[in-house]
Every structure is written in structure tokens, then in C-alpha cells.
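Just below is one structure, and these are the notes that go with it.
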């Protein structure tokens, strides 16, 4: 999806567009999201393993497709680059929520997503915030096995990673994301601009280390000044489509030991939250602390909480890799600047 070309450093302008996101917590239904793995990207072991996690919190917004317009709820996902929604021809239970009406023609493609038919119809252009993209290719899922997409509140995924992992070769040049902890309102993705009312302090520009996912180099992860993971630098991906904060099992084990979630369990007493330390992610020489109130997640009404960390072991040529999901992003206003090959992190401001 290509909406605007944007000059770095510019703030809100007439060319920007803000799409509100809704937040939903899943307090009781935790399950592996292997179906979602396949939908997000068939090209990457990274996405597959990262998405094989509990979906505790999701953020989603509304787009429309077709004439007359049909609304779909989608996750705006910086960890993938394709747009897909369920097809009317999908007979899976999950597709019964919002199947797309039949389109004039369709064609299968060897490069299409594993469970989708790829369609390219100018008269069925996707619209985001009332803006249509007549060149956007999107996928229509023919099957969604398992129950994952039956329980989640959204219909599909709109990928916002780099075009070289996209089926259509397009993604916005600049957009920014604010994720609120408020389940009712406040979160948004903003195409073409930065809303300065949602961040405080300096804008910290961080160069990308790879142009596939939104990948950066991380210096270290520390607790109380002691390095507990990423000791010789590592790679990290900023991923709005992952609920938790994920990393190699050794590093996650070290973190779990510090916060009392060891011995194979992620359960933690909510009362322990006030005594737990910040976990500091140093990126490009700048410290980005994540407090216990962010990485300890309340999952039910009985005083039981869980760790917001998830183990994944993804083999990469550059060493260990971390995924900074929503647990991290809720603390920082994030600007994704493809034109200048960088991301921006700034402390969130309560609005």
C-alpha cells in the first residue's frame, strides 16, 4: 500500500491520515496461532515461530474492499507485507464472520500465500480511511484451519513490512504507531505523519540493519546494570503483529529467573509487580526501559499474572534475534520511515 511520500522530521500535515485501532485482551482463550503464521508469511521461519505464541492482546482497525464497500477488521502488522481477508469460498468456521463477497475472477499464483488465492482487481480496491489503492494485490483465504481466527476479533492482516517480502511489492513510505493500554480507545496507526501530542522527549532515530522486516541492531538487555541477554549486540525486529516480547530461549530464561517466572512456568503473582525492576533495552546507544507494569500481564480476575516474554530460537546469519512486540511498543511511540531506512522511538505521552 503506497499512500504518501513523506519528508523525515515533518509532523502532522494535510497529507496524513490516522486510522483508529481497537484493543482486545484475551483473558481465558490462549492458544497457538499456527494458522496466523501461515497467513502472515509463507517465506519466513521467523514469523512462523514468533507467531506460535499466546495471543493475549491484539490491536486491529477497519478497512473496506469492493464496490459497494465491505468492511473488514485487520491487524496492521509490521511483521509481514501482504494484505489478506477471508473469501466467500472459505468454508472454515473462522471465515463465517466476514467472508468477502464473490469477485469477478480470480487466479492462483505459485507465489501466493499458502492458503490463499491472490486477486488483483482495480474495481475491488482496498480502502484505508477512505483512501483507495487501485494497484494493491490482496489475498483471499480459502481455508483457515483450527479455531484461532474464530476467537480473534479481526478478519485478516494488513502487512506493513518491506516490499521485498511482499507479494505485491508495496508498503507505505512512512507511518507511525501508538498503542494504548486502554482497552476502549486511543490506539492508532498514522500514515504520512507523526502526531507529536502522543510522545514526549526527543525523537530517537535508529538506522535499519536490514530491509525486510523493520530490523535494527540492539546493543544489550540489562537489569539493574547487569547484562542478561544480547551481550555482544544482536538483531531485533519491531513487530506490531506480535503481542509479546520474544527472544532466544537462553536470554528469556535469564529474564524469567530475575522476575520469578522460572521452572517452566510464566505465571507470576500480580502483587509482585511493584517490586520487579525495569528491563532496559539499549539500542543505538540509547536506553529504552520497559517497566514491570508493561511486561507483567494481568490475565484474569483472580490475581494471577503472566510474563510478557516468549521464547523463540530463530537461526540467523547475524546471531540471536529478538522481536519487540506490543509489550515494548506500548511504551514507545514508533515511527517507521522506509524512505530514510530508519525507525524512530520516543517515550509515549499519556493523552
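In the numbering used here, the protein residues as written are 80 to 430.
Beta carbons are placed, not taken as given, at the ideal position from N, Cα and C, and that holds for glycine.
Since the structure is predicted, the reported quantities are computational estimates derived from the model, not experimental observations.
Does the distance from the C-beta atom of residue i to that of residue j stay below 8 angstroms?
i	j	result
residue 294	residue 316	yes
residue 101	residue 278	no
residue 328	residue 390	yes
residue 322	residue 238	no
residue 413	residue 282	no
residue 265	residue 324	no
residue 235	residue 167	no
residue 320	residue 157	yes
residue 388	residue 318	no
residue 103	residue 262	yes
Excluding sequence positions up to five away, which residues of its chain have a Cβ less than 6 angstroms from the Cβ of residue i?
i	result
residue 97	267, 269
residue 330	308
residue 183	Unreliable placement is indicated for residue 183, whose pLDDT of 32 sits below 50; no coordinate value is reported for it.
residue 398	313
residue 359	301, 366, 368
residue 286	421
residue 141	150, 152
residue 337	302
Return the first residue and the last residue of the alpha helix (DSSP H) that residue i is part of.
i	result
residue 406	405-408
residue 350	From DSSP, residue 350 is part of no alpha helix (DSSP H); its letter is neither H nor E.
residue 372	371-374
Quick one: what's got a C-beta closer than 7 angstroms to residue i's C-beta in the same chain, skipping five residues either side?
i	result
residue 370	357
residue 416	87, 253, 422, 423
residue 351	339
residue 411	367, 424, 425, 426, 427
residue 303	356
residue 245	Caution applies to residue 245, whose pLDDT of 49 falls short of 50 and renders its modelled position unreliable; the value that the coordinates give is listed next. Once the five neighbours on either side are set aside, the close Cβ partners of residue 245 are 160, 161, 238.
Which residue from the options puts its Cα closest to that of residue i?
i	options	result
residue 154	167, 258, 95	258
residue 355	363, 331, 375, 346	375
residue 392	386, 385, 384, 401	401
residue 292	420, 95, 332, 140	420
residue 284	364, 143, 151, 385	364
residue 260	377, 94, 425	377
residue 241	274, 273, 280, 288	288
residue 95	104, 333, 274	274
residue 353	332, 333, 384, 326	384
residue 326	349, 394, 262, 280	394
Output needed for residue i: all residues of its chain with C-beta closer than 8 angstroms, excluding positions within five of it in sequence on either side, in chain order.
i	result
residue 361	297, 298, 299, 300, 301, 367
residue 99	140, 264, 266, 267
residue 333	307, 308
residue 124	Below a pLDDT of 50, predicted positions are generally treated as unreliable, and residue 124, at 35, falls in that range; the measurement from the model is reported next regardless. So the list reads 393, 394, once near-sequence residues are dropped.
residue 136	102, 103, 104, 105, 322, 376, 405
Start and end of the beta strand (DSSP E) containing residue i?
i	result
residue 328	Here residue 328 belongs to no beta strand (DSSP E); instead the alpha helix (DSSP H) covers 328-338.
residue 315	313-317
residue 428	Unbroken run through residue 428: none, as it is neither H nor E.
residue 307	305-308
residue 156	149-156
residue 416	411-416
residue 164	162-165
residue 237	235-238
At least one CB of chain C closer than 8 angstroms to the CB of residue i: is that the case?
i	result
residue 302	No chain C is part of this structure, which consists of one protein chain only.
Write down the C-beta distance between residue i and residue j rounded to the nearest angstrom, noting that I regard them as a contact closer than 8 angstroms.
i	j	result
residue 373	residue 346	Going by Cβ atoms, the distance from residue 373 to residue 346 rounds to 18 angstroms, so no, they are not a contact pair.
residue 152	residue 139	5 angstroms
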